[in-house]
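*Asks:* Sharing a structure here in C-alpha cells format.
Protein chains: 2
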Amino acid sequence: MSLDIKKQKASTWFRTLRDQICTVFENIETSDSTFIRTPWSKGEDTPTLKGGGEITLMKGNVFEKVGVNISTVHGIFSEEFRDKIPGAHDSNGEFWASGISLVAHMKNPFVPAVHMNTRMIVTSKCWFGGGADLTPTFEFEEDTQDFHTSFQECCDRHDPLYYPQFKKWCDEYFFLPHRNEPRGIGGIFYDYLETDWDKNFAFTQDVGTSFRTIFPDIVRRRMDSDYTDTHKDKQRFKRGRYAEFNLLYDRGTQFGLKTGGNTDAILMSMPPEAKWD
Amino acid sequence: MSLDIKKQKASTWFRTLRDQICTVFENIETSDSTFIRTPWSKGEDTPTLKGGGEITLMKGNVFEKVGVNISTVHGIFSEEFRDKIPGAHDSNGEFWASGISLVAHMKNPFVPAVHMNTRMIVTSKCWFGGGADLTPTFEFEEDTQDFHTSFQECCDRHDPLYYPQFKKWCDEYFFLPHRNEPRGIGGIFYDYLETDWDKNFAFTQDVGTSFRTIFPDIVRRRMDSDYTDTHKDKQRFKRGRYAEFNLLYDRGTQFGLKTGGNTDAILMSMPPEAKWD
C-alpha cells in the first residue's frame, strides 16, 4: 500500500470515528444541544503549517462540554523540534499528521471526565499513537474496572505485550509531580507503533471503537445520579488539576501551541469551569 | 557591607513589607476575614533545597482570594538550571534567594487583579528583580493611568533609564502568544539589577511601597461598584487566561515547580475560579 493511501485511510477513519462518537453522544444528551462543527484551516499566514481540521463541540445537560477535534496537517518542524520527533532530521523537518482528539467534561460530578486521542504521524518514519484515560472526581470501582477491562481486551486482541506496557505508560504520563497525584485512574497510552502499518492501524481503530462503547456505558450508568453543590464543587477543584496537567505537562498542548497550531482546537480540552483553593 | 548583612536586610524588608501590605488590605476588607499565615520549611526530604517561608492568605468579600508569600531559601541548582541562571556555574550551582510574591483576585469584577513580586538572588553574582502588573477585566483609563504614573515616578526617583526599559519588559513578558493578547495593562518588570546593591535595594523597597499605596487606592475606588452575573462571568473568563499564562509561561511557576519548590506557595497565584469557552 502506498504511503498516500495509508494517509487517506487513516484520516478518513478519524473522521468516521468522529461522526460515530458524535451520534452516540447526541443520543445520550437529554437537552436539545447538538454538536456544532467549526472547520479551520492554516493558510498563507503560517508557511510552516498547512492543512486544517474541524472542532466539534457540544454543550448540554449531560455533556457540560465535550469537544471532538479532527485535523490533518503537514508542514516543517523547527530545528528545535526536530530533536524531539523520530525521523524528523532525516525528513529535513517535513511532517504529516492526522488524528482525532476528544475531551468530555460532564455535568453530573459522578460521571467521570474522559480523554481519547489517536493519531498517525509521518516524518521519514510513520507511526501511530494515542490512548484513552478516565478522570473521575468520585471513583466507582465498577467504572474503573470496566474501563480497564475494555482496553485490556482491546489490546489483547492485537498483541499480548501491549496492555501491560500501555497501561504503565498511561499511569506514568498522566501524573502531576508537583501534586504527587495521578490525573485520574489511567487507561492506556501508546506511541511510536511503526513496525506493521496494517496491524497498528487495526489496533488504533479498535481503540476508537472500544472507547465508543465503554464510555457511553459509564455515562448512562451515572448521569442520573443525585448530587449536591458540594459534589459539584469537588468536581470543579478536580478540574483545576486537569487544567494544571494540560497546561504544565501535556505534550500535545505544549507542542501544538508552540508550533503555531489552532489555539481554540488545542485548548478545547480545558474544563468549562475550574476552582483552586 | 558583608553579603550576610545584605541578605539579612533584604529578607527582613520582604517580611516587613508583607506585614504592612496585609494590614492595609485587612483594613479595606469588609468581612471578618483576616490573613491566615502558614509557615513551611524544606528539610531532609529535599537535599538540594533548604529554608522556608510563609504563605499568607485571605479570602473575603473585597479580596476574593489574596496571597502574599515570603520565602528565604538556599540550595543547589541542577545542571540543567545552571545554564539559565547568571553566575550559577561559578557558584557550582549554589544559590540563595529571598523574596515576596503577591497575587490578588478581587470579588468585584470592576476591581483589577494585581501581581507584585520582588526578590534578591545570590549565586556567584547578587541581584534584585521584580515588578508589578495590573489585570483588569474591564479597563478604566483612570486606573491604568494612575498605576503607570505611580511606577513611573517610582522608577524616576532612582534612575531616569529605568521606566522606559522596565515598562517595555513588562509588556513583553506578560503576553500570551497563543492568544495574541496581553495578560493585562502591564506595569514594570525588572531583573538582574546587580551593579550597586544600595541603589538596587532602595529601588526594590520603593517598588514595594509604591504598590502598597497605589493598589489600595484603585481598590477603594471600584470595590463598591454595582455588577451583574454577566460582569462576574466575564471576570471568570479573564481568570482562565490568567491561569493559562501562569501555567504555560510564567518563569517563576515553571522554575518553582521544577526545582521542588512549595507547590501550595507557587500555585497560590491561581484564581479562585476560572472559566473557558
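Protein sequence lines, in the order shown, are assigned to chains A and B. Using this note's numbering, read the first sequence as starting at 1 and increasing by one per residue. Using this note's numbering, read the second sequence as starting at 1 and increasing by one per residue. Glycine included, each C-beta is placed from N, C-alpha and C at the ideal position.
What is the rounded straight-line gap between the Cα of A:G129 and the Cα of A:Y163?
*Replies:* 14 Å
*Asks:* Buried or exposed: where does A:A202 fall if 16 or more other Cβ atoms within 10 Å of its Cβ makes it buried?
*Replies:* exposed
*Asks:* Less than 9 Å separating the beta-carbons of B:E273 and B:R241?
*Replies:* no
*Asks:* Does the CB of A:I266 have a neighbour CB from chain B at under 9 Å?
*Replies:* yes
*Asks:* Rounded to whole angstroms, what is the Cα-Cα separation between A:V103 and A:G131?
*Replies:* So the alpha carbons of these two residues sit roughly 12 Å apart.
*Asks:* Got a sec, what are the start and stop residues for the alpha helix (DSSP H) A:L3 sits in?
*Replies:* 3 to 28
*Asks:* If I follow the unbroken beta strand (DSSP E) through A:K234, where does it start and stop?
*Replies:* Segment 229 to 248 is the alpha helix (DSSP H) holding A:K234; no beta strand (DSSP E) there.
*Asks:* Under 7 Å between beta-carbons, which chain A residues line up against B:T16? List them in chain order, please.
*Replies:* By Cβ distance, chain A contributes nothing, its closest Cβ being about 27 Å from B:T16, past 7 Å.
*Asks:* If we count Cβ pairs, one from each stretch, closer than 8 Å, do we get three or more for the segment 141 to 148 of chain B versus the segment 183 to 200 of chain B?
*Replies:* yes
*Asks:* Would you identify the three-state DSSP class for A:N262, choosing helix, strand or coil?
*Replies:* coil
*Asks:* Following a CB-centred definition, is B:D4 positioned closer than 8 Å to any heavy atom of the ligand HEM?
*Replies:* Ligands are entirely absent from the displayed structure, and the ligand HEM is therefore not among its contents.
*Asks:* So, are the CB atoms of A:K42 and A:G75 less than 9 Å apart?
*Replies:* yes
*Asks:* When you compare the CB of B:G52 with every CB in chain A, is at least one pair closer than 9 Å?
*Replies:* no
*Asks:* Could you tell me if A:D133 is buried or exposed, where buried requires 16 or more neighbouring beta carbons within 10 angstroms of its beta carbon?
*Replies:* buried
*Asks:* Against B:T263, what residues of chain A qualify as contacts under a CB-to-CB distance less than 7 Å, listed in chain order?
*Replies:* H178, R179
*Asks:* Determine the chain B residues that contact A:P182 at a beta-carbon separation under 9 Å, and present them in chain order.
*Replies:* Simply none; closest approach about 15 Å.
*Asks:* For A:R179, which three-state DSSP category applies?
*Replies:* coil
*Asks:* Output yes if chain B places a C-beta closer than 9 Å to the C-beta of A:P136; else output no.
*Replies:* no
*Asks:* Can you tell which of A:K65, A:S101, A:W127, A:P216 has the C-alpha that lies nearest to the C-alpha of A:F95?
*Replies:* A:W127
*Asks:* Which term fits A:L3, buried or exposed, when burial requires 16 or more other beta carbons within 10 angstroms of its beta carbon?
*Replies:* In summary, A:L3 is exposed, with fewer than 16 beta-carbon neighbours lying within 10 Å of its beta-carbon over all protein chains present.
*Asks:* Taking only beta carbons into account, state which residues of the segment 240 to 254 of chain A come closer than 9 Å to chain B, listed in chain order.
*Replies:* G240, A243, E244, N246, L247, L248, T253, Q254
*Asks:* Where are the alpha helix (DSSP H) runs, 4 residues long or more, that stay fully inside the segment 135 to 214 of chain B, in chain order?
*Replies:* 141 to 156, 162 to 173
*Asks:* Any contact of the segment 105 to 112 of chain A with the segment 59 to 73 of chain A, i.e. 3+ C-beta pairs under 8 Å?
*Replies:* yes
*Asks:* Under DSSP, the alpha helix (DSSP H) around B:F81 begins and ends at which residues?
*Replies:* Counting along the chain, the alpha helix (DSSP H) containing B:F81 begins and ends at 79 to 82.
*Asks:* Any Cβ of chain B within less than 9 Å of the Cβ of A:W40?
*Replies:* No - not a single Cβ of chain B is within 9 Å of the one on A:W40.
*Asks:* Does DSSP put B:S124 in a helix, a strand or coil?
*Replies:* coil
*Asks:* Quick check: B:A97 and B:S71, are their CB atoms within less than 9 Å of each other?
*Replies:* Yes, Cβ-Cβ distance for B:A97 and B:S71 is below 9 Å.
*Asks:* Pull up the DSSP beta-bridge partners for A:E94, would you.
*Replies:* A:I76
*Asks:* Cα separation between A:I266 and A:L257?
*Replies:* 7 Å
*Asks:* At 8 Å on the CB atoms, spell out the chain A contacts of B:P47, in chain order.
*Replies:* The contacting residues do not exist; B:P47 stays about 17 Å from chain A at best.
*Asks:* Starting from the beta carbon of A:K275, find every residue of chain D whose beta carbon is closer than 7 Å, and list them in chain order.
*Replies:* In summary, chain D is missing from the structure at hand, where the protein chains are A and B.
*Asks:* Grouping DSSP H, G and I as helix and E and B as strand, with all else coil, what is B:V66?
*Replies:* strand
*Asks:* Counting only Cβ pairs nearer than 9 Å, list the residues of chain B close to A:L257.
*Replies:* P177, H178, L248
*Asks:* Using the rule of at least 16 other Cβ atoms within 10 Å of the residue's Cβ for burial, across every protein chain shown, is B:V198 buried or exposed?
*Replies:* The sequence shown places Asp at residue 198 of chain B, rather than the Val named in the question. With fewer than 16 other Cβ atoms within 10 Å, it is exposed.
*Asks:* Does any C-beta atom of chain A lie closer than 9 Å to the C-beta of B:R236?
*Replies:* With respect to chain A, the C-beta atom of B:R236 has a partner C-beta closer than 9 Å.
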